[in-house]
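For reference, each letter of the sequence shown is one residue, going 669 to 1295 in our numbering. Glycine residues also receive a C-beta, built at the ideal position from the N, C-alpha and C atoms. Keep in mind it's a predicted model, so treat the numbers as computed, not measured. In what follows, a single structure is set out as structure tokens and then discussed.
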Amino acid sequence: MIWVSVLALSAGAVSAQKAERKNVREGNKLYESEKYTESEIAYRKSLEVNPRSTEGTYNLGNSLYKQGKFPEAAEQYQLIAGQGEKMVATPEGKARLSEVYHNMGNIFMQNKDYGKAVEVYKQSLRLNPKDDETRYNLALAQKLLSDQQNQDQSQDQQNDDKQENKDQKDDQQQQQQQQNYAQAGILRASFARLDGGSKWLCGFLKEQEDKLHRAEKYLQEHSPLLPMFEQSQSIITGLKSALDAQTRIGTYNAHLERLAAQQPVKVKERTDKEAALTRKEQENHTLQNEINLRNKQLETMDRPALQDKKNKLDAGRENLLQALSALSLLAETERTLNEAKENEKALNAKVEACQKQYVLLQTAFDSKKTSYDDIRTLYDKQKEAVEEWAKETRSRLVVGDTCPVCGQEIKSLCKDEDFQSVLAPIRTSLKTKEKEYKETEQALNNNRTESNTYGTLAENARQSTARALRSYNLARTDAQAKCAQCNDVGLSTTTGETLKKLLEENKLEADKLNEKLTEVQKLSAQIITLQRQKDECQKHVDAARQAFNSADRVLNELKNNIVNYESLTANEKENIRATMDRVTPHILWEGWNTEWKNSPLSFIDRLTQATRNYRLAQEKQRELKSA
């Protein structure tokens, strides 16, 4: 048994739901064709899209069950059983959950897990008490569980006895006989239960025949609608497609109303932008005419010739100024040269005076030196004589002797100071001559230093004079060259006046020329101002043209959108017509048009449910016949 559900999806159903339903439908077809392996693959694909799909999980469990993959099937049934509270909320879900417990019981029976089989069979019967097949399986499971428990108990007891009484063979034989008696009793009980099961089975088969009869009767009554049920999926798909198309038509009409309301505004915007562009282009044209007129006036004034003449006057004025500057520099270098010559002459005179004074001072110095040397020699001789006299006196005389000169008694001997006092007059004369000599020597040294200083200054003055002469010659050469550039003016006493006169004439002519150039500059400034205004106006023209192009583009896009939506609406209407022409012949209910117009979704749900009921009846018929 597979789980078949048909969902009435809205126009906005997601693609994942579509993929899930497609795989489930494919799996159902394969399951009905007994291609259980292929159906397993399809169901697993649906679960990859929606792992929580109850339908996919249940059908996958059935597919695995049919293949004998009982552990895997049990895993899927356990997932369904975990949703028991949700499923028992509807009769259909309650019936499906009962079938899940029934199949789980069969799997436990295959695994000889009779205890769990009993539990799930009971759960199945609680959900569907009228399921005789489950009731029969429950009775069989209870019987097998009882047999298993008894067998296990006997086996356990046997094992215990073997271990505890290994050497007691008589006891083991006795226990074996007891086990045989017990098994015989179990077999008698089993035969009794099988007899009751046989009676139940007869009743069960009668009930199945009644169900089969009711299913065949339902199918016979609805057989005229079989072509519609067989095409139901195509019909439902077509009807949903028509509904979606109608929804899109409503959307397109809403867009058309909005665009139609915008069109007059966009037309006015384009007209306004075009008028603004025309005004800006006229302003730009007027400015360009003004610029052209002034450019013609400027050409008649021959600005290049005026500028060339001005350049020549500026160059002549620059030459005159340079010549005057050269003359000024020449006068300055001449003054510097004269000052250097005067300074050199003065220093040479001072050097000559120092030299003459040096001769006089040298003569005086020689005289003073000679006098000093003479008295110094005399002093040295007298000093030596006095010292000899004092030495001799001290050696010949003692205190108490009579002086050989004065004849008086010598009361004390003379000291060295007393002997030296004899030299006092000549010593004074010597100091005087030494002072005069030293003063003359100092004056000579001073003269020599002064003479050297003035000699150095005179030499520096000679070098300065030479440099001043060179500067003067260079200045004179430069002045001659610069004056020659001014109408071949030569150097003379009147050169300066001539240059000043030429400079004044240059200024007068330049002033007249500047007046004309000022007029040219004013005209050029006007052209520049007009050009700046034109450039700014051109920016406005470009902006206005861009705004116009944008408005024109928006209007064209709006018109194109209107045409596109009208075309889309026509196409959708044609699709609806073609779809209804295709599905209408397959809808066999009388008066369905009214129901369809009043509530399309309710009609689709009704068709879906009727098709599902018919297929369930077919499935039940095949199931009962195969049973």
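For residue i, the three-state DSSP class (helix, strand or coil)
i       : result
Thr1161 : coil
Glu706  : helix
Glu1258 : coil
Ala687  : helix
Leu677  : Reliability of the predicted coordinates at Leu677 is poor, the pLDDT of 36 falling under 50, and the value obtained from them is presented with this limitation in mind. Here Leu677 sits in coil by DSSP.
Gly864  : Because Gly864 carries a pLDDT of 47, less than 50, the predicted location of this residue cannot be relied on, and no value is offered for it.
The alpha helix (DSSP H) enclosing residue i, as first and last residue numbers
i       : result
Met772  : 759-778
Arg1290 : 1268-1294
Ser902  : 900-968
Ser731  : 722-734
Lys784  : 782-795
Leu747  : 738-749
Lys798  : Looking at the DSSP string, Lys798 is not in any alpha helix (DSSP H), and its letter there is neither H nor E.
Glu753  : 752-755
When the options are compared against residue i, the one with the closest alpha-carbon
i       : options                            : result
Ala1143 : Ala991, Ala1238, Leu747, Thr1108   : Ala991
Val768  : Ala749, Gln1148, Lys784            : Ala749
Met969  : Lys1018, Thr1186, Leu1176, Glu1055 : Thr1186
Asn987  : Cys1151, Thr946, Thr758, Val756    : Cys1151
Gly736  : Met755, Asn779, Leu747             : Asn779
Asn1128 : Arg764, Lys1013, Lys1024           : Lys1013
Leu1112 : Lys1175, Ala809, Gln1153, Leu1029  : Leu1029
Lys1202 : Glu1263, Glu958, Arg1221, Ala983   : Glu958
Leu961  : Gln1199, Ala944, Tyr1026, Leu945   : Gln1199
Lys1106 : Thr1038, Leu728, Asn1217           : Thr1038
Phe897  : Gln1289, Gln1277, Lys811           : Gln1277
Thr1031 : Tyr789, Ser792, Glu1109, Asn730    : Glu1109
Arg1138 : Leu924, Asn1232, Leu1005, Tyr804   : Leu1005
Ala910  : Ala1134, Leu765, Glu1242, Thr946   : Glu1242
Glu1000 : Ala1053, Asn1141, Ala1238          : Asn1141
Gly1068 : Glu1077, Glu1060, Thr1061          : Glu1077
Asn963  : Lys1175, Gln1194, Arg1116, Ile903  : Gln1194
Glu708  : Pro719, Val717, Val692, Asn718     : Val692
Leu924  : Glu1287, Asn1266, Tyr1233          : Tyr1233
Gly984  : Glu1055, Cys1154, Ala1126          : Cys1154
Ile1196 : Leu955, Ala1215, Pro1268           : Leu955
Thr1045 : Leu1098, Lys1024, Val1188          : Leu1098
Contact under 9 Å by Cβ, residue i with residue j
i       : j       : result
Asp1146 : Ala994  : yes
Lys908  : Ile1255 : no
Ser721  : Glu688  : yes
Glu1240 : Arg916  : yes
Ala1285 : Tyr886  : yes
Ala785  : Leu747  : no
Cys1205 : Lys941  : no
Arg971  : Ser1192 : yes
Glu1010 : Ala1136 : no
Thr1247 : Gly906  : yes
Met772  : Tyr745  : yes
Gln965  : Ile1230 : no
Lys1101 : Ile1043 : yes
Tyr1297 : Ile1094 : Because the chain spans 669 through 1295 in this model, residue 1297 falls outside it and cannot be assessed.
Leu981  : Tyr1122 : no
Leu1223 : Lys934  : yes
Gly729  : Gly695  : no
Val1019 : Ser1132 : no
Tyr639  : Lys734  : Absent from the model: residue 639. The displayed extent of the chain is 669 to 1295, so no value can be given.
Leu1269 : Ile903  : no
Ser792  : Asp799  : yes
Cutoff 9 Å: residue i Cβ touching any chain C Cβ
i      : result
Leu997 : The structure shown contains no chain C, having only a single protein chain.
Going along the chain, which unbroken runs of the beta strand (DSSP E) with 3 or more residues stay wholly within the segment 992-1057? none
4 or more residues per run - each alpha helix (DSSP H) lying fully within the segment 1138-1221: none
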